[in-house]
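Numbering (my numbering), first residue to last: 301 to 371. Below: the structure, in structure tokens.
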């Protein structure tokens with residue numbers, strides 16, 4: 301089992317500034333999406349296609365990476 305990764309503060313975290321942990325990824329398939337804040341609509345078609353599939357949220361999730369320095 302790989303070691304747990306945790307991000308908080310200047311290193312990253314959730315949008316509400318709380319801790320993000322890789323432990324939240326265990327047991328589900330995840331889609332990783334990179335988001336440049338200036339191009340936030342770029343992946344909209346992918347998000348819409350996935351929503352239309354109505355995957356079980358207990359089995360499938362997504363993680364967004366936002367590069368705030370890219371603005």
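Every residue gets a Cβ at the ideal spot worked out from N, C-alpha and C, and that includes glycine.
Ordered along the chain, which non-local residues of its own chain (more than five positions away) have a Cβ less than 8 angstroms from that of residue 359?
328, 329
Just the C-alpha distance for residue 312 and residue 347, rounded to the nearest angstrom, thanks.
23 angstroms
Take residue 306 as the anchor and find which of 317, 321, 368 has the nearest alpha-carbon.
321
Contact under 8 angstroms by Cβ, residue 365 with residue 335
yes
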